[in-house]
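Working notes, structure below.
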Amino acid sequence: MNSYRVSGKGRVDHNRPVRFTFNGETFEGRQGDTLASALLANGVHLIGRSFKYHRPRGFLSAGSEEPNALVGVNRGVGRAEPNTRATVLEIFDGLNTVSQNHWPSLKRDVGAINDPLYMLFSAGFYYKTFMWPKSFWNKVYEPFIRGAAGLGKSPAVPDPDTYASRYAHCDVLVVGSGPAGLAAALEAGRSGGKIILVDENAEFGGSLLSEPDAQINGLPAWDWLKQTNAALAAMKNVILLNRTTAIGYYHQNFVGLCQRLTDHLSDPPEGAPRERLWKVRAKQVVLAQGSIEKPLVFDGNDRPGVMLAGSARTFLNRYGVKVGNRPVVVTSHDSAWLAAFDMAQAGAKVAAIVDVRAKVPDDFVKRAKALGIETLCGWTVTGTKGRLRVSSVRVNPVAVGGQVGPARTIACDALLMSGGWTPSVHLFSHTKGKLDWNEERQMFLPGARTEDSRCAGAGNGNFGLEESLVEGASAGAAAATDAGFGAIAGSYAVEGEVLCAGASNRELPSDKNASFAKAFVDFQNDVTAKDIRLAVREGFKSIEHIKRYTTTGMATDQGKTSNMNGLSIASDAVKRPSPSVGLTTFRPPYTPTTFGAFAGYNRGDLFEVTRKTSIDSWAEENGAAYEPVSLWRRAWYFPKQGEDMHQAVARECRATRQSVGMFDASTLGKIEVVGPDAAEFMNRMYTNAWTKLAPGRLRYGLLLGEDGFIRDDGVIGRLSTDRFHVTTTTGGAARVLNMMEDYLQTEWPELKVWLTSTTEQWAVIALNGPNARKLLEPLVEGIDLTNEAFPHMSVAEGKICGVPTRLFRVSFTGELGFEVNVPARYGRAVWEALYDAGRKYGLTQYGTETMHVLRAEKGYIIVGQDTDGTVTPDDASLAWAIGKTKPDFVGKRSLTRPDMLQTDRKQLVGLLTSDPKTVLEEGAQIVLDPRQRVPMKMVGHVTSSYWSETLGRSIALAIVEGGRAKEGQTIHVPMPDITHQAEIVGMVFVDPENKRLNA
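Quick note, the working numbering runs 805 ahead of the 1-based positions in the sequence shown.
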């Protein structure tokens, strides 16, 4: 350990050495170090190479905003992770890390040839190059670009770690544990509500960990911090989550948290999850995310050893590490002076403080003089030198009129810069909260909010310690009060605080030609100030367009250190105020998050879980053969001893038509649509009319897309004036619910409607056949099942076998039919009761294959099988399901397009083969003339085809061009060894008069 470690200073454990490797070399740190602080303690500043120019890069910051220090981490087989930020990576014994984006070595990188050729790689160069010769694109340009793209090496083997997930509800969620966050959590916790406090760091404290000089309520800052953390830990109603990042803030106070559980351990417990994704719904949220220091923009501001002054202060006071022995400070903000003073008091020889402001507080200048620090007020930095680490800085005086004077060079081993601070408003922006531009302070501040949230402290533009504490306490108490708990904000008195101010800058003044300056704005993506100005000259005026053209703000740090400087330069270039140029959109996640955290338990056998109904176990015990339907396992048929599938299905069909059959229909999608405007919502979504449907009645519902094509269908019951029980296809449940939510939230937010998925709440037992009513009547209470009282397409609520039921009189077979909906936990019990009661009627359970045959005999379609995304209601002979007098519904306008009205569109029809024993293949193509030349004109295809035991012959459904007009004509179905003939007929093969249905 060398002179960069300050003995006894910081919060690391100086008595616990930790050994780790970086690029194969072994180093020693201290327990509590990050990789960044440990390397800096060993004098290592060179950490990687930049993306485009492969310039040497060092540590810019000390937190999660770090754009440069991305390393590869190897924790063993399958545990290799690229692009880990060294500034938040906690070291442990045996940690193995490597630098990225270079070859053959970090110090000697062939890719650095791009640096002197930088004029060829200006903003948007990829849109202007690689155009000639065209033949080079596939063989030369694209392979080269793909090889150069990306940072780090992706894992090559499966990840053996496990990842957990958890849902949580709380009264107040506090994000950030700096002064404001701690004060908020403390006041909210005292109210008795359920509180969750989260912070991305290993230790609570935020800025107090780096700035321990002040006293809070008579206690030294770190003593107050210790006392406060202990008080929070003692509250049973408070959950403390360190190493936890709030990655996204979503609608209705839903916040995603990613908790790192074992990455800091050298020997994690067997089976312990690596990370946990928390999905938190909070009544109130307090955002106390703090602020981010802005870099200064000048030529050479990216060299290793050039870093943010506040970060240097963090490395010193929190980790006990001097980032240099002879630093120079360049700033436009008072806070950097405090960093210089701390460095000097720790034994560093601060060569100079260069402040671009001509006037700074006299107290600062006097204190600097007392510490032997040269002060250069009204000066600028115009360049740096040093190949792998900064060795000197070029500074110039700036006259009152802006003229830059002659330069002088100051030797240094670190250059600490500060352009001031900007509030961290990322999570607030996730909620679509309005950001207000403060012209005087040149920053965006949280404005009108859209969620039940509050911003406090530096994240709200209040950078002083005392004002942060007071505002945090007030926010915590107010949040607890709004959540239903009484709270009163406590008072805070701070002594020894130094209030700081500063000025905002674009590029620093320089005597050099700006066209050749390498003044970086986005450090990771190598975007310079001149790149942004070039984008403006080439016609890009919006900051979102400038962002995409230059790639500024698009790196893994999402522009945390670059956005405000980029906006300021763009604003100057377009000669418009910053608010009119706009601000780039902050999107989740706040920091890079592993795929494993998002996947959670959903991997391996759990990645796509096989869903089973509550009746599935009975089917398995009774010999069912299964088929997958969407995400469900469904009973396909129930073979008896010696039966094949054809024989089993034929028996099931006969039994159902002749007496009664029973079918598990629980997989049907079910959505509860509830609210005063439920009928109006249904009227807008579905083609049918719903406002006049009486409670207690069912109606077939047809759902279209905006293009006018069929998306889904199902039978829908109106239970009361404000409640509908909607059924969907098995595979369409999630899609339909998402579509409904989309329209409700974006098109019709004024409607008072609530949507709830109830697919798994209800078990559904379908009874079909002439004896279905006789079987049900003795078991049902509170519902008159006579045909007069309970006709076809009726719904009623009552009891069956003593449990609640929603009973539908509906049929998907053409027989007298009922669908018994009972709570899923009673599904098997009711099924068994019906099975036992049905023995005297010869009750037969049947599966999906029999269901398909029976419905096809009746001409009922299955969306997704008999439709292909280009079928309209009229094509499917469902024009009767369109409300003719309705002013609008989803897809209505598209139905009037000329091509939708053509008579030769493909239409659904029935087919009867010339040979009754021939069962056509589903998907087989149809032609009108089998003697035409190949390739033949195909006029349609077979959608459904079965053997009908009822008719003693085959039947089929097909889509055919102008099909209805061709009824009675013969079509041909070419197959490899034979061409089949079939007659086009109507779609209904059994009981076209519906006598059996209405029995």
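Virtual Cβ for every residue (Gly too), placed ideally from N, Cα, C.
Identify which residue in Arg1644, Gln1363, Glu895 and Leu1756 has its Cα closest to the Cα of Glu1005. With distances taken between Cα atoms, Glu1005 lies closest to Glu895.
Measuring alpha carbon to alpha carbon, tell me which residue in Ser1435, Ser1759, Leu956 and Ala1278 is nearest Gly986. The option with the nearest alpha carbon to Gly986 is Ala1278.
Neighbour-count burial assignment, Thr1255, 16 or more Cβ in a 10 Å radius: exposed
For Leu991, is the classification buried or exposed, using 16 other Cβ atoms within 10 angstroms of its Cβ as the cut-off for buried? buried
Going along the chain, which residues of its own chain have a beta-carbon closer than 8 Å to the beta-carbon of Met806, five neighbours each way excluded? Residue placement at Met806 is flagged as unreliable, the pLDDT there being 46, under the threshold of 50; a coordinate-derived value is accordingly withheld.
Could you give the residue range of the alpha helix (DSSP H) that holds Arg1462? Met1450 to Gln1463
Taking the alpha-carbon positions, what's the Thr1672 to Trp1437 distance? 21 Å
Reducing DSSP to helix, strand and coil, say where Pro1228 ends up. For Pro1228, the three-state secondary structure derived from DSSP is strand.
Would you grab the beta carbon distance between Pro872 and Ala1360 for me? Rounded to a whole angstrom, and I think it's under 8 Å. Cβ-Cβ separation between Pro872 and Ala1360: approximately 6 Å, consistent with a contact (criterion under 8 Å).
Helix, strand or coil for Gly997, going by three-state DSSP, please let me know. Gly997 sits in coil when the DSSP states are folded into three classes, being neither helix nor strand.
Taking the C-alpha atoms as reference points, what is the distance between Ala1283 and Val823? 44 Å
Nearest-angstrom Cα separation, counted from Val882 out to Ser1383: 49 Å
Work out the CA separation of Ser1196 and Asp1160 for me, nearest whole Å. 20 Å
Is there contact between the region 1101-1115 and the region 1179-1194, where contact requires at least three CB pairs shorter than 8 Å? Per the Cβ contact rule, the region 1101-1115 is in contact with the region 1179-1194 (3 or more Cβ pairs under 8 Å).
8 Å contact criterion, which Val1230 and Ala1087 should meet: CB distance rounded: Rounded, the Cβ-Cβ distance is 19 Å, inconsistent with contact.
With a cut-off of 8 Å on the beta carbons, I'd call Ser1137 and Gly1307 a contact; round off their distance for me. The C-beta distance from Ser1137 to Gly1307 rounds to 5 Å, short enough to meet the 8 Å contact threshold.
Does Trp1242 come out as helix, strand or coil in the three-state DSSP assignment? strand
Quick check: the Cα distance between Ala1375 and Thr1399, rounded to an integer number of angstroms? 33 Å
Would you report the Cα separation of Ser1419 and Gly1466, rounded to the nearest angstrom? 19 Å
Just confirm the distance between the C-beta atoms of Glu1772 and Val1790, as a whole number of angstroms; I'd bet it's less than 8 Å. 6 Å
Give the DSSP bridge partners of Val1795, in chain order. According to DSSP, Val1795 bridges with nothing at all.
Nearest candidate by alpha-carbon position, reference Val1303, set Leu1037, Glu1426, Phe1146 and Met1545: Phe1146
Comparing C-alpha positions only, which one of Ser1435, Ile1215, Tyr1640 and Asp1704 sits nearest to Thr1415? Ser1435
From the DSSP output, in three-state form, read off Thr1390 for me. coil
Is there contact between the region 967-975 and the region 1071-1088, where contact requires at least three CB pairs shorter than 8 Å? yes
Straight-line gap, Met1148 to Gly1295 (C-alpha atoms, nearest Å): 35 Å
Going by Cα to Cα distance, which pick from Gly1715, Pro1779, Thr1755 and Thr892 is closest to Ala1763? Gly1715
Just tell me which of Lys1697, Phe926 and Tyr1640 has its CA closest to the CA of Tyr1354. Phe926
Quick one: any contact between the region 1600-1610 and the region 1539-1556, if contact means 3 or more CB pairs under 8 Å? no
If the criterion is Cβ atoms closer than 9 Å, does the pair Gly1768 and Gln1707 meet it? no
State whether the region 1472-1487 contacts the region 1518-1534, with contact taken as three or more CB pairs (one from each stretch) at a distance under 8 Å. yes
Ordered along the chain, which non-local residues of its own chain (more than five positions away) have a Cβ less than 6 Å from that of Thr1180? Ile1158, Val1170 and Ala1173
Can you tell me whether Ser1296 is helix, strand or coil according to DSSP? coil
In the structure shown, what three-state DSSP assignment does Glu1593 receive? Reduced to three states, the DSSP call for Glu1593 is coil.
What three-state label does DSSP hand Thr1255 in the structure shown? Looking at Thr1255 - three-state DSSP - the assignment turns out to be coil, as it is neither helix nor strand.
Just list the beta strand (DSSP E) runs in the region 1492-1578, keeping only unbroken ones of 3 residues or longer that don't cross its boundaries, in chain order. 1502-1509, 1515-1525, 1528-1533, 1559-1562 and 1567-1573
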